[in-house]
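Residue numbers (numbering that gives the first Met the number 0): 0 to 307.
Every residue, glycine too, gets a C-beta built ideally from N, C-alpha and C.
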Amino acid sequence: MLKKVKSAGLERPTRKQQVKIVYEMTQEGFKLSNILEVTELPESTYHYHLSKKNKPNPDKGLEELIQEIFEENKERYGYRRITDELKARGYQVNHKRVLRLMRKLGLQCKKFSRKTRRYNSYKGTVGKIAKNKINRRFMTPNPLQKLVTDVTEFKCLNDEKLYLSPIMDLYNSEVISWKISKKPTLDIAIEPLKEAISVIKKNAKYRTTIHSDQGWHYQHHSWVKTLKNHGIFQSMSRKGNCIDNSPMENFFGLLKQEMYYGEEKVSFSTLKKQIEEYIYYYNNKRIKRKLSGLSPVEYRKQDTQLAA
C-alpha cells in the first residue's frame with residue numbers, strides 16, 4: 000500500500016491531492032482506515048473534502064453558456080467581451096468570475112501577432128492632395144457624417160493576392176460597403192464609394208466627409224470628381240502617417256488577427272468568402288465595448304435616423 004501511495008509521484012501532496020489518492024485506493028479495494036493511517040490524513044478531513052467534491056457544480060449552467068459564446072465567436076472573445084455578451088443576454092455577472100471560469104475551462108481567445116509589410120498604394124503626387132479635415136477627430140454622434148477607407152493586401156495560394164477596400168462609418172464602426180479584387184485597380188476604390196453614396200443619399204442627415212491616405216486611388220480624378228458631384232468633403236492623412244487613419248488600420252489588424260494570421264493559405268475564392276463572412280459577423284454579431292456592448296448594426300438600429 001505504501002508503494003502505491005509513493006507511486007503517485009507527489010512528495011508533498013496538498014490535502015486535495017491526498018483525498019484524491021485515498022479515494023482512488025478505496026475504489027481499488029483498500030480499506031479506508033489503513034490508507035488514512037499510511038497517509039496520515041485525518042478521517043474528518045477526508046470526508047469534508049469528499050463531500051465538497053460530490054456537491055453539484057453551481058456554475059455548471061454558466062460554464063456551459065460561456066463555452067457556447069466562446070465557440071459561437073470562433074474563440075475570438077476574451078473574458079471582457081464574454082461578460083458583455085452575458086449581460087446583453089440578461090445575466091448579471093462579474094468579469095472576474097467569468098475570467099475564473101474561463102481559466103477553469105481552459106478557454107483562451109486566439110491571438111496572433113505577425114509583422115508583415117503593409118500594402119502601400121502611394122505613388123507620389125499623381126493628383127489632388129486634400130487637406131486633413133478629419134485630423135484624428137474620429138468621434139461623431141451622427142451616422143454617415145465621417146467615413147474612412149483604405150486598401151489592404153492578403154496572400155493566397157499559388158502566389159495569388161487578394162485586395163480588400165472597405166468603407167467604414169465612424170459613427171458605429173460599421174463597414175457599409177466594400178470591394179474584393181485580385182488587383183488593386185481604380186475600381187476597388189470607386190465601386191464601394193458608389194455603394195456608400197447610395198446609402199448616404201438615403202440616410203445621411205449631415206454632410207459627409209470621407210477620409211483616406213494619400214494612395215493613388217484617392218488622388219485620382221475619378222475619385223475626386225465623384226466626391227465633388229455628390230457634395231462629399233474629401234480628407235487625407237498626412238504622407239506616411241498611418242495614425243491619421245487609425246480606425247481603418249485597426250479594423251484591418253482585427254480582421255487579420257481573428258481570421259487570417261495563423262491560418263494556412265487558401266485559394267482566392269475561399270479567402271474572399273471567409274472575408275465576406277467575417278465582415279457580416281463583424282457588423283452584425285461582434286459586440287464592441289464602446290458601443291455599449293452592441294454590434295455596429297445593433298447600435299445603428301437603436302438610432303431612429305437609420306432604423307430599419
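Would you tell me roughly how many angstroms separate the C-alpha atoms of residue i and residue j, rounded to the nearest one?
i, j, result
"K103", "D149", "41 Å"
"S180", "N134", "30 Å"
"K154", "K264", "7 Å"
"L226", "L156", "36 Å"
"K15", "D58", "20 Å"
"K204", "D83", "31 Å"
"Y259", "P183", "19 Å"
"G8", "K160", "Annotation note: pLDDT 47 at G8 (below 50); position unreliable, no value reported."
"P191", "G230", "17 Å"
"V18", "S50", "11 Å"
"V223", "L270", "31 Å"
"E63", "T13", "29 Å"
"R206", "R99", "48 Å"
"F267", "Y22", "57 Å"
"I20", "G60", "29 Å"
"G77", "N228", "45 Å"
"N93", "N56", "18 Å"
"M138", "N202", "19 Å"
"A129", "K95", "48 Å"
Apart from the five residues just before and just after residue i, which ones in its own chain have a Cβ nearer than 8 Å to its Cβ?
i, result
"L293", "A87, I286, K287, Q301"
"Q66", "L104, L106"
"D212", "S120, Y121, D149, M235, S236, C241, D243, N244"
"I81", "I65, I68, F69, V97, M101"
"K132", "T208, H210, F232, Q233, S234"
"P41", "L35"
"N249", "none"
Starting from residue i and walking both ways along the beta strand (DSSP E), at which residues does that stretch end?
i, result
"F153", "151-154"
"K145", "145-148"
"I175", "173-180"
"D168", "160-168"
"H210", "208-211"
"M138", "That residue, M138, is in no beta strand (DSSP E); it is neither H nor E in DSSP."
"S234", "232-235"
Using 10 angstroms around the beta-carbon of residue i, count the other beta-carbons present and answer buried if the total reaches 16, otherwise exposed.
i, result
"E275", "exposed"
"S172", "buried"
"V147", "buried"
"H46", "exposed"
"G123", "exposed"
"L185", "exposed"
"Q233", "buried"
"Q26", "exposed"
"V125", "exposed"
"Y281", "buried"
"W220", "In the sequence under discussion, the amino acid at residue 220 is His, which differs from the Trp named in the question. Answer is exposed; the Cβ neighbour count stays below 16."
"Q91", "exposed"
"Q304", "Confidence in Q304 is poor, its pLDDT being 48 and thus under 50, which makes the residue's placement unreliable; the coordinate value appears in the next sentence. Answer is exposed; the Cβ neighbour count stays below 16."
"T151", "buried"
"K272", "exposed"
"S164", "buried"
By the DSSP assignment, the alpha helix (DSSP H) with residue i in it spans what residues?
i, result
"P246", "245-258"
"F69", "59-71"
"Q17", "14-26"
"Q218", "215-218"
"E82", "Contrary to the premise, residue 82 reads as Thr rather than Glu in this sequence. That run of the alpha helix (DSSP H) goes 78-87."
"P191", "186-202"
"L98", "94-104"
Skipping 5 residues on each side, what residues in its chain have a beta carbon closer than 7 Å to that of residue i?
i, result
"D168", "P142, L143, L146, I175"
"D158", "none"
"E39", "none"
"G214", "S120, Y121, V150"
Which same chain residues, not among the five before or five after residue i, have their C-beta less than 6 Å away from its C-beta?
i, result
"Y298", "N171, L290"
"K284", "S294"
"I278", "V174"
"V296", "N282, N283"
"E257", "R75"
"A195", "I166, I175, S176"
"E71", "none"
"Y217", "S211"
"N140", "Before going on, a small fix: residue 140 reads as Pro here, not Asn. Cβ neighbours of P140 beyond the five flanking positions: none."
Distance cutoff 8 Å, beta carbons only. Does residue i sit that close to anything in chain C?
i, result
"M24", "Annotation note: the requested chain C is absent from the structure, which comprises a single protein chain."
Threshold first: 4 residues or longer. Then list the alpha helix (DSSP H) segments lying entirely within the segment 258-294, N to C.
267-283
Please go through the segment 29-57 and give each complete alpha helix (DSSP H) segment of 4 or more residues, from N-terminal end onward.
Complete alpha helix (DSSP H) runs here, min 4: 31-38, 42-53.
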